[in-house]
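Colleague:
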Amino acid sequence: MTHSIQVKDLTLSFGSVSVLKNMNIDVAEGEFIVLLGPSGCGKSTLLNCLAGLLDITDGEIWIKGKNVTWAEPSERGIGMVFQSYALYPQMTVRGNLSFGLKNARMPKEEIDKRIARAAEILQIGPLLDRKPAALSGGQRQRVAIGRALVRDVDVFLFDEPLSNLDAKLRSELRVEIKRLHSRLNNTMVYVTHDQIEALTLADRIAVMRGGIIQQLAAPQEIYNRPSNLFVAGFIGSPSMNFLHGATLDAGRAFQFGATRIDLAGYEGGAILERPKAILGLRPEHLVIQDHAEPGLTIPAVVEIDEPMGADSLVWLEAEGGLKMSVRVLVERRMAPGTPVHLKVDIAKASIFDTASEQRV
Amino acid sequence: MADVSMAGVQPHSVQPRGAKPRRRFSGSNIMLYGVLFVVSVYYLLPLWVMVMTSLKGMPEIRMGNIFAPPVEITFQPWVKAWSQACTGLNCDGLSRGFWNSVMITVPSVIISIIVASVNGYALVNWRFKGSEVFFTILIFGSFIPYQIMLYPIVILLREMHIYGTLYGLILVHTIFGMPILTLLFRNYFSSLPEELFKAARVDGAGFWRIYFQIMVPMSLPIFVVALILQITGIWNDFLFGVVFTKPEIYPMTVQLNNIVNSVQGVKEYNVNMAATLLTGLVPLVIYFVSGKLFVRGIAAGAVKG
Amino acid sequence: MAGKPRGLRLFRNLNAKVAAVPMVLTTLVVFVGGTLWTVLYSFTNSKLLPRWQFVGLDQYKRLWSNDLWNAAIWNLAFYGVMSLIFTITMGFVLAVLLDQKIRFEDTFRTIMLYPFALSFIVTGLVWQWILNPEMGIQEVVRRMGFEGFTFDPLHNPNTVLYGLLIAGLWQGTGFTMCLMLAGLRGIDEDIWKAARVDGIPKWKTYLFVVIPMMRPVFITTLVIVAAGIIKLYDLVVAQTSGGPGNASQVPAMYVYRYMFTAQNLGQGFAASTMMLLSVLIVLIPWAYLEFGGKKHG
Numbered sequence: 019m020t021h022s023i024q025v026k027d028l029t030l031s032f033g034s035v036s037v038l039k040n041m042n043i044d045v046a047e048g049e050f051i052v053l054l055g056p057s058g059c060g061k062s063t064l065l066n067c068l069a070g071l072l073d074i075t076d077g078e079i080w081i082k083g084k085n086v087t088w089a090e091p092s093e094r095g096i097g098m099v100f101q102s103y104a105l106y107p108q109m110t111v112r113g114n115l116s117f118g119l120k121n122a123r124m125p126k127e128e129i130d131k132r133i134a135r136a137a138e139i140l141q142i143g144p145l146l147d148r149k150p151a152a153l154s155g156g157q158r159q160r161v162a163i164g165r166a167l168v169r170d171v172d173v174f175l176f177d178e179p180l181s182n183l184d185a186k187l188r189s190e191l192r193v194e195i196k197r198l199h200s201r202l203n204n205t206m207v208y209v210t211h212d213q214i215e216a217l218t219l220a221d222r223i224a225v226m227r228g229g230i231i232q233q234l235a236a237p238q239e240i241y242n243r244p245s246n247l248f249v250a251g252f253i254g255s256p257s258m259n260f261l262h263g264a265t266l267d268a269g270r271a272f273q274f275g276a277t278r279i280d281l282a283g284y285e286g287g288a289i290l291e292r293p294k295a296i297l298g299l300r301p302e303h304l305v306i307q308d309h310a311e312p313g314l315t316i317p318a319v320v321e322i323d324e325p326m327g328a329d330s331l332v333w334l335e336a337e338g339g340l341k342m343s344v345r346v347l348v349e350r351r352m353a354p355g356t357p358v359h360l361k362v363d364i365a366k367a368s369i370f371d372t373a374s375e376q377r378v
Numbered sequence: 013m014a015d016v017s018m019a020g021v022q023p024h025s026v027q028p029r030g031a032k033p034r035r036r037f038s039g040s041n042i043m044l045y046g047v048l049f050v051v052s053v054y055y056l057l058p059l060w061v062m063v064m065t066s067l068k069g070m071p072e073i074r075m076g077n078i079f080a081p082p083v084e085i086t087f088q089p090w091v092k093a094w095s096q097a098c099t100g101l102n103c104d105g106l107s108r109g110f111w112n113s114v115m116i117t118v119p120s121v122i123i124s125i126i127v128a129s130v131n132g133y134a135l136v137n138w139r140f141k142g143s144e145v146f147f148t149i150l151i152f153g154s155f156i157p158y159q160i161m162l163y164p165i166v167i168l169l170r171e172m173h174i175y176g177t178l179y180g181l182i183l184v185h186t187i188f189g190m191p192i193l194t195l196l197f198r199n200y201f202s203s204l205p206e207e208l209f210k211a212a213r214v215d216g217a218g219f220w221r222i223y224f225q226i227m228v229p230m231s232l233p234i235f236v237v238a239l240i241l242q243i244t245g246i247w248n249d250f251l252f253g254v255v256f257t258k259p260e261i262y263p264m265t266v267q268l269n270n271i272v273n274s275v276q277g278v279k280e281y282n283v284n285m286a287a288t289l290l291t292g293l294v295p296l297v298i299y300f301v302s303g304k305l306f307v308r309g310i311a312a313g314a315v316k317g
Numbered sequence: 064m065a066g067k068p069r070g071l072r073l074f075r076n077l078n079a080k081v082a083a084v085p086m087v088l089t090t091l092v093v094f095v096g097g098t099l100w101t102v103l104y105s106f107t108n109s110k111l112l113p114r115w116q117f118v119g120l121d122q123y124k125r126l127w128s129n130d131l132w133n134a135a136i137w138n139l140a141f142y143g144v145m146s147l148i149f150t151i152t153m154g155f156v157l158a159v160l161l162d163q164k165i166r167f168e169d170t171f172r173t174i175m176l177y178p179f180a181l182s183f184i185v186t187g188l189v190w191q192w193i194l195n196p197e198m199g200i201q202e203v204v205r206r207m208g209f210e211g212f213t214f215d216p217l218h219n220p221n222t223v224l225y226g227l228l229i230a231g232l233w234q235g236t237g238f239t240m241c242l243m244l245a246g247l248r249g250i251d252e253d254i255w256k257a258a259r260v261d262g263i264p265k266w267k268t269y270l271f272v273v274i275p276m277m278r279p280v281f282i283t284t285l286v287i288v289a290a291g292i293i294k295l296y297d298l299v300v301a302q303t304s305g306g307p308g309n310a311s312q313v314p315a316m317y318v319y320r321y322m323f324t325a326q327n328l329g330q331g332f333a334a335s336t337m338m339l340l341s342v343l344i345v346l347i348p349w350a351y352l353e354f355g356g357k358k359h360g
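Protein chains in written order, with my numbering: chain A, 19 to 378; chain B, 13 to 317; chain C, 64 to 360.
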């Protein structure tokens with residue numbers, strides 16, 4: 019596999035504040051990478067470094083086998099799409115698309131050819147002679163993508179491109195971006211704080227916090243086997259249920275208050291005996307039932323039931339006042355105050371060491 | 013105070029129009045408009061007096077009331093002020109000062125706006141080490157009394173052999189216009205989306221191309237504001253005109269002061285007022301034509317600080 | 064690491080650095096250099112030409128024992144305090160009046176602001192004419208039958224500063240009114256709705272809610288107006304030429320006289336240094352509040 023983008027020991031600091039810490043990422047050719055994290059985690063900053071819009075403090079950036087650490091943005095072979103679209107307001111759509119090509123002194127026929135192709139792919143042909151102010155949000159974002167497209171580059175950088183759109187348009191354009199990727203098959207680096215976008219689009223997701231990549235893996239891997247407590251809590255909505263307790267019997271069981279859960283079938287490393295550990299259970303990996311099964315269920319009381327259309331969220335209170343959520347089919351309505359038992363699917367659970375916050 | 017301030021609430025309230033609220037509404041409104049009317053008289057009075065005085069003959073001025081309109085309108089004072097009024101030995105009127113001011117103002121305005129807009133753009137989009145430090149000094153510089161820098165500038169201009177020339181004064185205006193204008197442009201450019209600048213860089217545009225093709229076309233209103241600010245500011249300058257030029261190239265304000273406040277001969281108040289009006293005419297026209305942009309110009313920088 | 068060599072980093076964004084040269088030169092040579100030069104030479108006995116002969120604080124001792132300077136400082140202090148009080152209160156009250164959703168707001172604002180477009184020279188000359196005792200307001204009132212009426216501020220040393228104040232306020236209050244109006248308009252409409260729901264009278268809302276919220280506007284206005292007052296020069300030259308006697312002399316006139324006509328540069332430098340000092344007294348607390356405060360919260 020050839021590398022499209024390589025980030026080697028990248029560090030960025032402003033004065034004494036370090037924003038990105040010792041990053042290493044290899045992106046394969048044609049891969050769709052999503053940088054995901056809460057605001058201020060450094061994901062957009064990293065993207066700006068890749069684009070050459072920020073000078074890095076240390077490390078190297080390679081794109082298509084070339085060291086571009088100090089190259090100008092336009093010399094890196096990238097195209098970029100911005101959250102606010104960043105269309106030049108005084109130019110027509112055609113002017114916006116051709117601005118970069120004219121700067122590169124490309125012959126006019128070639129410019130026209132590329133614009134025609136981009137307009138065909140993105141279906142913006144009828145808009146070419148309009149000004150950005152006369153376009154809708156979705157159309158503007160299409161033009162912004164077109165501006166990256168005409169550059170005919172191998173790497174696309176997206177900086178939260180859908181955040182300014184309403185929910186319906188967002189899902190439409192999400193699909194379109196995915197289609198574009200499968201058609202062009204170029205490398206895409208995509209920044210977002212929306213985990214649905216990340217999970218649906220990415221070949222691999224890099225979850226970031228505090229300028230550090232917490233986990234870089236395929237979406238299913240991140241969802242099912244989050245490498246630490248932060249990733250586990252950040253991905254998934256509602257958040258994973260966390261039970262604070264201890265592991266016993268050389269790691270064969272988890273003790274939570276008076277409840278004891280068998281850990282046989284856990285997918286992960288050696289659990290060992292840990293006086294302080296956390297058991298993480300996703301709301302959809304719990305099943306509500308009437309009867310207790312020793313070692314497999316957690317007793318709880320129904321508090322609130324939130325129907326959400328296709329399914330329904332049930333909020334319960336377990337031992338020690340712990341709030342838990344469980345996803346069930348919407349047909350199953352639960353009356354508040356009903357005592358129930360939650361069955362655990364241990365193969366899909368995660369155990370974290372409380373001190374290190376790492377998954378076991 | 014309480015009565016007056018009630019007025020604003022009433023027209024927008026959705027109460028039924030009973031008799032009582034209506035009477036209170038009109039009562040306080042009369043007071044509000046009354047106060048504003050009196051205030052307006054204070055502001056308009058000098059303009060009225062200037063115009064009236066400049067249209068009267070001297071005998072009528074001695075006889076009559078400065079507020080009264082002229083019985084017999086004469087434009088002689090205007091003619092005399094423009095082409096015959098004396099300063100010292102020269103008796104060719106204010107026209108000389110007017111043309112001097114034009115020759116000072118036009119290049120000063122153009123150069124200072126170009127320099128300051130490029131500065132503001134560089135400060136927002138191309139920050140380099142120390143650029144903010146220079147900007148801070150620049151802003152503090154605008155508060156420093158000019159008096160402390162006058163003599164060093166005299167030396168500087170003398171060394172450059174432009175002391176007492178138009179070029180010298182143009183340079184001085186460019187320098188002292190820089191703080192407020194740079195602030196104005198910096199604030200405006202920083203209000204433009206930064207992603208636009210980034211997009212242009214990805215598109216391969218450099219410093220000057222981004223400035224001319226992206227920034228300037230998007231910033232025409234602020235250029236107009238700067239234009240207004242600089243024309244009025246430089247036209248109205250007195251101190252720099254006195255210090256850095258010679259009598260032959262004195263700007264209009266300096267010449268006006270010399271005409272009116274010179275002690276020789278009989279005072280011709282009508283000519284004086286015509287001359288004063290003539291000097292005030294350029295900024296007044298700019299003010300009345302530009303309307304809201306003028307307000308924006310003076311409030312720019314000040315409010316955003 | 065194989066980063067770009069340091070030398071090349073220096074040439075990055077070269078165009079921006081070249082474009083900033085005028086600003087850098089202005090700040091370093093004129094603002095910093097010029098100021099330091101004048102301060103340094105205020106410790107010399109330069110007369111006709113600057114001479115580097117150190118005499119310590121002699122110029123300052125002479126300055127503060129000079130009646131003209133003392134008069135100028137007191138005049139400026141009095142004018143300054145009065146002018147600050149009146150411009151700010153008048154500016155605020157006028158802004159509140161214009162903020163009552165009145166008709167003809169634009170007309171009223173245009174009328175109040177136009178004097179600000181005029182130079183101090185024009186302002187001074189017009190008011191000199193209006194306040195002229197032989198033909199101005201005094202004479203007009205006397206002819207209306209009030210024979211004993213006296214209103215001649217410009218020729219009485221005790222009142223000449225009020226005469227300047229009338230002209231100065233006429234020129235400048237429109238500007239403060241505009242700043243205040245912008246401040247009032249910047250206040251969230253919901254604050255007014257909340258106050259009405261709570262039944263707070265409008266004047267109380269202004270006094271206890273709006274004014275505290277406009278603190279930054281007041282401070283900025285104060286600093287701008289104060290810095291302008293210290294530079295006061297043109298208005299006095301045009302309206303009174305510093306007279307009668309020395310009753311309306313101001314520091315800027317003192318500086319000009321010693322620097323350019325009396326050919327006693329050292330005195331001029333010392334006086335202008337004192338002017339700088341007075342600006343710093345205004346500026347430093349403000350800068351501390353404005354910029355020091357922002358960093359911490």
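Even for Gly, the Cβ is constructed at its ideal location relative to N, Cα and C.
Keep in mind that this is a model prediction, so the values were computed, not measured.
1. According to DSSP, which residues form a beta bridge with Trp80 (chain A)?
2. Rounded to a whole number of angstroms, what is the C-alpha to C-alpha distance between Ile214 (chain A) and Glu178 (chain A)?
3. Against Ser102 (chain A), what residues of chain B qualify as contacts under a CB-to-CB distance less than 7 Å, listed in chain order?
4. Hey, does Pro33 (chain B) have any beta-carbon neighbour from chain C nearer than 8 Å?
5. Could you list the residues in the region 117-149 of chain A with a C-beta less than 7 Å from some C-beta on chain B, going in chain order?
6. Taking contact to mean at least 3 C-beta pairs separated by less than 8 Å, is the region 76-83 of chain A in contact with the region 266-280 of chain A?
7. In this structure, how does DSSP classify Trp220 (chain B) when only helix, strand and coil are distinguished?
8. Check each residue of the region 207-233 of chain B: if its Cβ is closer than 9 Å to any Cβ of chain A, include it; give the result in chain order.
9. If we count the other Cβ atoms within 10 Å of its Cβ and call it buried at 16 or more, is Gln159 (chain A) buried or exposed?
10. What is the rounded straight-line gap between the Cα of Lys361 (chain A) and the Cα of Asp371 (chain A)?
11. Could you check which residue in C:Gln163, C:Asn327, C:Ile282 and C:Tyr317 has the C-alpha nearest to that of Pro348 (chain C)?
12. Take Val83 (chain B) and list the residues in its own chain whose beta-carbon comes closer than 7 Å to its own, dropping the five residues that flank it on each side.
13. Below 8 Å, how does it come out for the region 298-307 of chain A and the region 348-363 of chain A: are there three or more Cβ pairs, yes or no?
14. Taking only runs that begin and end inside the region 282-310 of chain A, name each unbroken beta strand (DSSP E) of 3 or more residues, in chain order.
15. My assumption, with CB atoms under 8 Å, is that Thr65 (chain B) sits in contact with Trp137 (chain C). Please give the rounded CB distance.
16. In the DSSP assignment, the beta strand (DSSP E) including Asp170 (chain A) goes from what residue to what residue?
17. Could you check the C-alpha separation between Val297 (chain B) and Leu28 (chain A) for me, to the nearest Å?
18. Of the residues A:Asn40, A:Gln376, A:Leu191 and A:Ile142, which one's Cα is nearest the Cα of Ile79 (chain A)?
19. Using a 10 Å radius around the Cβ and a threshold of 16 neighbouring Cβ atoms, would you call Lys80 (chain C) buried or exposed?
20. Look up Arg34 (chain B) in the DSSP assignment and say whether it is helix, strand or coil.
21. In the structure shown, what three-state DSSP assignment does Gly226 (chain C) receive?
22. Report, in whole angstroms, the separation of the C-beta atoms of Thr186 (chain B) and Ile123 (chain B), which I expect to be a contact under 8 Å.
23. Is it a yes or a no for the region 114-132 of chain B touching the region 189-204 of chain B, going by three-plus beta-carbon pairs under 8 Å?
24. By how many angstroms is the C-alpha of His218 (chain C) removed from the C-alpha of Ser202 (chain B)?
25. Starting from the C-beta of Ile240 (chain B), find all residues in its chain whose C-beta is less than 7 Å away, skip the five residues before and the five after it, and write them out in chain order.
26. Leaving out the 5 sequence neighbours to the left and right, which residues in its chain are closer than 6 Å to Phe176 (chain A) when beta-carbon positions are compared?
27. Looking at the unbroken beta strand (DSSP E) that takes in Met206 (chain A), where does it start and where does it end?
28. CB-CB under 6 Å to Leu289 (chain B), same chain, minus the five flanking residues each way: which ones, in chain order?
29. Please report the residue range of the alpha helix (DSSP H) in which Asn199 (chain B) lies.
30. Are there 16 or more other CB atoms within 10 angstroms of the CB of Ile344 (chain C), so buried, or fewer, so exposed?
31. Taking any Cβ of chain C, which residues in the region 137-161 of chain B have a Cβ under 9 Å from it, in chain order?
Modeller: Based on what the coordinates show:
1. A:Gln24 and A:Asn85, per the DSSP bridge assignment.
2. If you take the alpha carbons of Ile214 (chain A) and Glu178 (chain A), they lie about 13 Å apart.
3. For Ser102 (chain A), the chain B residues whose Cβ falls inside 7 Å of its Cβ are Pro205 and Glu207, in order along the chain.
4. With a pLDDT of 41 at Pro33 (chain B), under the threshold of 50, the modelled position of that residue is not reliable, and the figure given next carries that caveat. The Cβ of Pro33 (chain B) sits no closer than 8 Å to any Cβ of chain C.
5. Cβ contacts with chain B come from Phe117, Gly118, Asn121 and Ala122.
6. No, the region 76-83 of chain A is not in contact with the region 266-280 of chain A.
7. Trp220 (chain B) falls in the helix class under three-state DSSP.
8. Of all residues in the region 207-233 of chain B, those with a C-beta nearer than 9 Å to a C-beta of chain A are Glu207, Leu208, Phe209, Lys210, Ala211, Ala212, Arg213, Val214, Asp215, Gly216, Ala217, Gly218, Arg221, Gln225, Ile226, Pro229 and Met230, reading in chain order.
9. So Gln159 (chain A) counts as buried.
10. If I take the Cα positions, the gap works out to 23 Å.
11. For the residues C:Gln163, C:Asn327, C:Ile282 and C:Tyr317, the minimum Cα distance to Pro348 (chain C) belongs to C:Ile282.
12. Once the five neighbours on either side are set aside, the close Cβ partners of Val83 (chain B) are Glu72.
13. Under the three-pair Cβ rule at 8 Å, the region 298-307 of chain A counts as touching the region 348-363 of chain A.
14. The qualifying runs are 295-299 and 304-307.
15. Trp137 (chain C) and Thr65 (chain B) do not touch by the CB rule: their CB atoms are close to 34 Å apart, not below 8 Å.
16. Taken as a continuous stretch (DSSP letters only), Asp170 (chain A) belongs to no beta strand (DSSP E), as it is neither H nor E.
17. Their Cα atoms are separated by approximately 59 Å.
18. Selected option, being the one with the closest Cα: A:Asn40.
19. With a threshold of 16 other beta carbon atoms within 10 Å, Lys80 (chain C) meets it and is buried.
20. Per-residue confidence for Arg34 (chain B) stands at a pLDDT of 43, beneath the threshold of 50, marking its modelled position as unreliable; no derived number is given.
21. Annotated three-state conformation of Gly226 (chain C) is helix, per DSSP.
22. Your pair Thr186 (chain B) and Ile123 (chain B) checks out as a contact, with CB atoms roughly 5 Å apart and the cut at 8 Å.
23. A contact exists between the region 114-132 of chain B and the region 189-204 of chain B.
24. Within the model, the alpha-carbon separation for Ser202 (chain B) versus His218 (chain C) is close to 51 Å.
25. Cβ neighbours of Ile240 (chain B) beyond the five flanking positions: Ile298, Ser302, Leu305, Phe306 and Gly309.
26. Annotation for Phe176 (chain A): Val99 and Tyr208 place their beta carbon closer than 6 Å to its own, counting only its chain and skipping 5 residues before and after.
27. First-last of the beta strand (DSSP E) with Met206 (chain A): Thr205 to Thr210.
28. Met62 and Ser66, listed in sequence order.
29. That run of the alpha helix (DSSP H) goes Leu178 to Ser203.
30. Classification for Ile344 (chain C): exposed.
31. Along the region 137-161 of chain B, the positions whose C-beta sits under 9 Å from a C-beta of chain C are Asn137, Trp138, Arg139, Phe140, Gly142, Ser143, Val145, Phe146, Phe147, Thr148, Ile149, Leu150, Phe152, Gly153, Ser154, Phe155, Ile156, Pro157, Tyr158, Gln159, Ile160 and Met161, read in chain order.
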